[in-house]
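Chemist: Sharing a structure with you now.
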Amino acid sequence: MDPILATYEMNIATVELTDRLDALEAAPLRGILDGHIQLGKSRILVDLSKVDFIDSAGLAALVKYMKDARSMGGDLRLVAPTHPDALRVFELTRFDKVFTMYDSMTAGLTEW
Amino acid sequence: MDPILATYEMNIATVELTDRLDALEAAPLRGILDGHIQLGKSRILVDLSKVDFIDSAGLAALVKYMKDARSMGGDLRLVAPTHPDALRVFELTRFDKVFTMYDSMTAGLTEW
Amino acid sequence: MNDILRVTADFEAIRAVGPWLRSVLEPLGPEQCAAMAGSIELAVHEMATNSIDHGKSTSIELKAQRTNDAVDIILTDDGLPFEGRQGPAPHPDEPQVRGYGLMIVEALTESIDYERIATGNRWTMRFALESNESNSST
Amino acid sequence: MNDILRVTADFEAIRAVGPWLRSVLEPLGPEQCAAMAGSIELAVHEMATNSIDHGKSTSIELKAQRTNDAVDIILTDDGLPFEGRQGPAPHPDEPQVRGYGLMIVEALTESIDYERIATGNRWTMRFALESNESNSST
Ligand SMILES: Nc1ncnc2c1ncn2[C@@H]1O[C@H](COP(=O)(O)OP(=O)(O)O)[C@@H](O)[C@H]1O
Ligand SMILES: Nc1ncnc2c1ncn2[C@@H]1O[C@H](COP(=O)(O)OP(=O)(O)O)[C@@H](O)[C@H]1O
């Protein structure tokens, strides 16, 4: 399926992050995820492929809304970080096993 | 250009809305747009093609962040509503001349 | 056509306006109803939103009345008095963020009447029938 | 290697930790530096975040010290005393929303030492050198 079409038909909200996802950026990210959840969007794909650092505050924001999305029958899934410094926090906390991760946005949208 | 690639290379944030955009939904939409602006995303494409009613509170949220985005050197653009009840508020206020509107998400992402 | 809708004054409850209007306009026939429902909904919705936002009302009543060549929608609330527009009126070519509600209502109505009453406010919005031919029923 | 970084305790300012660490680790040679910088940054960043979040500190000082087979990073702040972990320790297979900071730091450090001092708190984090071969310089 065409990835743009997939976001439509499956009503998947996409969020693309860049650079850092730390305590500072976690706040606006929470605003975005909160907005989508409130609008009833329970399928959210967050693209971390261009993020080069994630800390536990960034992770916490992703986990919170992953739980909210799952409780609504949806999910928050990730396009995996390519940078080892961004992947590390997932490995250390074993959240790489909890989140469904895709290799690319296109893969996430078409294989969801 | 592939539309998914376009969102990457041009760093365009996309937001797809459905159903109504009224005072009730304007609040979470502001959360989303505010988050993107705070994350430095000044190119935002809001898809209204599946929205069937927009009021002046919904319009106000779009206008506010269009101004913010433009002041950052970016823009907030729209995929035009197809439903006449959603287009009406733009026509009556002449905002259909102020916003750049596209026919589809793909058009918006590739022609931006 | 003499229906009444009474809703609590919150943004969720006023979503009943659209469906109520469509049932109220049904006797005008499907074309007339389709032609008018959307713009009447927007105007009434803007007035109800203002009643909540600015009037701090707790309850809103809508009444529909058919006249010869128009439909009147009478909005009655228990809110603060309307003391004229506060803030700048919008200029169509200078985008501003708020203040488009009344402009929209004025554009959509044939006339709009305001009356302060003992229990609150009464707004009478008149909408012209789109064409006389499709007045298939009373 | 005996560098000091002093930053105000806010989330913006502590972004200087990464670049500072990379310059401090440079004498270890490019491989050692590349291998260690990312994890040291994460650990130090988590400790600095906790110092801001929980310790309400206003100023944070970092000092790097090379020992024979390790690098010590000493974080000194002017915050409230650390009185042990409040709230549940995370269990790896039961996702919870907070409480991963210290777990991450423990996983990344060879040892971590806490001392309450007159002016605040001092944390000493020890990071093992990845391999002895690449210790090209002192
Ligand atoms: N029902 C009302 N009660 C009191 N004041 C009102 C009411 N409706 C409108 N107003 C006043 O008129 C102004 C313009 O209203 P409007 O055009 O709907 O724009 P907005 O609601 O975006 O401010 C409002 O800011 C308010 O001061
Ligand atoms: N620098 C500090 N000062 C005071 N208390 C701290 C400090 N660091 C950690 N704590 C306590 O330990 C708990 C666990 O910390 P941590 O694992 O980083 O998770 P989180 O910060 O997400 O709560 C904190 O909730 C706090 O009660």
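Residue numbers (my numbering), protein chains in the order written: chain H, 1 to 112; chain L, 1001 to 1112; chain R, 2001 to 2138; chain Y, 3001 to 3138.
Even for Gly, the Cβ is constructed at its ideal location relative to N, Cα and C.
At the level of alpha carbons, what is the spacing between residue 63 of chain H and residue 56 of chain H?
Modeler: Spanning the two alpha carbons is a distance of roughly 10 Å.
Chemist: Is the CB of residue 3035 of chain Y under 8 Å away from at least one CB in chain H?
Modeler: With 8 Å as the cut-off, residue 3035 of chain Y does not count as an interface residue toward chain H.
Chemist: Using the beta-carbon count (16 or more within 10 Å), is residue 2117 of chain R buried or exposed?
Modeler: exposed
Chemist: For residue 3045 of chain Y, verify whether its CB is less than 7 Å away from any heavy atom of ligand 1.
Modeler: Answer for residue 3045 of chain Y: no, Cβ out of range of ligand 1.
Chemist: So with Cβ pairs under 8 Å, would you call residue 1022 of chain L a contact of chain R?
Modeler: yes
Chemist: Between R:2044, R:2127 and R:2005, which lies nearest to residue 2068 of chain R when the distance is taken from Cα to Cα?
Modeler: Nearest option by C-alpha distance: R:2127.
Chemist: At least one CB of chain L closer than 8 Å to the CB of residue 2045 of chain R: is that the case?
Modeler: yes
Chemist: Check this for me: beta carbons of residue 12 of chain H and residue 112 of chain H, under 8 Å apart or not?
Modeler: yes
Chemist: Which residues, in chain order, does the stretch 1002-1013 of chain L contribute to contact with chain H at a C-beta distance below 8 Å?
Modeler: Listed in chain order, the positions of the stretch 1002-1013 of chain L with a beta carbon within less than 8 Å of a beta carbon of chain H are 1003, 1004, 1007, 1008, 1011 and 1013.
Chemist: So which residues on chain H does residue 1036 of chain L lean against when the C-beta distance must stay under 8 Å?
Modeler: 28 and 32
Chemist: Can you grab the Cα-Cα spacing for the pair residue 2005 of chain R / residue 3048 of chain Y, in whole Å?
Modeler: 58 Å
Chemist: Based on the DSSP output, what are the partners of residue 3123 of chain Y in its beta bridges?
Modeler: Looking at the DSSP assignment, residue 3123 of chain Y forms a beta bridge with Y:3075 and Y:3114.
Chemist: Would a check of beta-carbon distances place residue 3120 of chain Y closer than 8 Å to chain H?
Modeler: no
Chemist: Start and end of the beta strand (DSSP E) containing residue 3014 of chain Y?
Modeler: Note, residue 3014 of chain Y: premise wrong, no beta strand (DSSP E); not H, not E.
Chemist: Can you tell me whether residue 94 of chain H is buried or exposed, with buried defined as 16 or more other CB within 10 angstroms of its CB?
Modeler: exposed
Chemist: Assign residue 3113 of chain Y to buried or exposed, taking buried as 16 or more other Cβ atoms, counted over all protein chains shown, within 10 Å of its Cβ.
Modeler: exposed
Chemist: For residue 14 of chain H, count neighbouring C-beta atoms within 10 Å of its own C-beta (all shown protein chains included) and say buried if the count is 16 or more, exposed if not.
Modeler: buried
Chemist: Would you say residue 2107 of chain R reaches chain L, if we count a Cβ-Cβ gap shorter than 8 Å as a contact?
Modeler: Chain L contact via Cβ: present.
Chemist: Got a sec: does ligand 2 put a non-hydrogen atom nearer than 7 Å to the Cβ of residue 3120 of chain Y?
Modeler: No heavy atom of ligand 2 is found nearer than 7 Å to the CB of residue 3120 of chain Y.
Chemist: Does DSSP put residue 3136 of chain Y in a helix, in a strand, or in coil?
Modeler: Below a pLDDT of 50, predicted positions are generally treated as unreliable, and residue 3136 of chain Y, at 46, falls in that range; the measurement from the model is reported next regardless. Coil, per DSSP.
Chemist: Could you say which of R:2015, R:2082 and R:2003 lies nearest to residue 2056 of chain R if we only look at CA atoms?
Modeler: R:2082
Chemist: What's the C-alpha gap between residue 1027 of chain L and residue 1021 of chain L?
Modeler: The C-alpha of residue 1027 of chain L lies about 10 Å from the C-alpha of residue 1021 of chain L.
Chemist: Would you mind working out which of R:2120, R:2109 and R:2122 sits nearest residue 2130 of chain R, comparing C-alpha positions?
Modeler: R:2109
Chemist: Relative to the C-alpha of residue 1077 of chain L, which candidate in L:1019, L:1103, L:1025 and L:1008 has its C-alpha closest?
Modeler: A check of alpha carbon separations from residue 1077 of chain L across L:1019, L:1103, L:1025 and L:1008 identifies L:1103 as the nearest.
Chemist: Say yes only if the C-beta of residue 65 of chain H is nearer than 7 Å to one or more non-hydrogen atoms of ligand 1, and no if none qualify.
Modeler: no
Chemist: Closer than 8 Å, Cβ to any Cβ of chain Y: which residues of the stretch 54-80 of chain H, in chain order?
Modeler: Within the stretch 54-80 of chain H, the residues whose Cβ lies closer than 8 Å to some Cβ of chain Y are 55, 56, 57, 59, 60, 63, 64, 66 and 67, listed in chain order.
Chemist: So, with DSSP's three-state summary, where would you put residue 109 of chain H?
Modeler: helix
Chemist: Along the chain, where does the alpha helix (DSSP H) that runs through residue 1063 of chain L open and close?
Modeler: 1056-1071
Chemist: On a CA-only basis, which of L:1006, L:1025 and L:1107 is nearest residue 1059 of chain L? Give me that one, please.
Modeler: For residue 1059 of chain L, the closest alpha carbon among the candidates L:1006, L:1025 and L:1107 is that of L:1025.
Chemist: Given a cut-off of 8 Å on the beta-carbon distance, is the pair residue 3051 of chain Y and residue 3040 of chain Y in contact?
Modeler: no
Chemist: On the DSSP letters alone, give me the boundaries of the alpha helix (DSSP H) that residue 3037 of chain Y sits inside.
Modeler: Following the DSSP letters along the chain, one finds residue 3037 of chain Y inside the alpha helix (DSSP H) bounded by residues 3030-3053.
Chemist: One question on the structure: do residue 85 of chain H and residue 47 of chain H come within less than 8 Å of each other, judged by their Cβ atoms?
Modeler: no
Chemist: List the residues of chain Y that residue 43 of chain H touches, going by C-beta distances under 9 Å, in chain order.
Modeler: Ordered by position in chain Y, no residue passes the 9 Å Cβ test against residue 43 of chain H, which lies about 18 Å from the chain.
Chemist: Based on DSSP bridge pairs, tell me the residues matched to residue 1101 of chain L.
Modeler: L:1078.
Chemist: Please list the terminal residues of the continuous beta strand (DSSP E) segment that includes residue 2130 of chain R.
Modeler: In the DSSP assignment, residue 2130 of chain R falls outside any beta strand (DSSP E), carrying neither H nor E.
Chemist: Closer than 8 Å, CB to CB, is residue 3100 of chain Y near chain H or not?
Modeler: Cβ-Cβ to chain H under 8 Å: yes for residue 3100 of chain Y.
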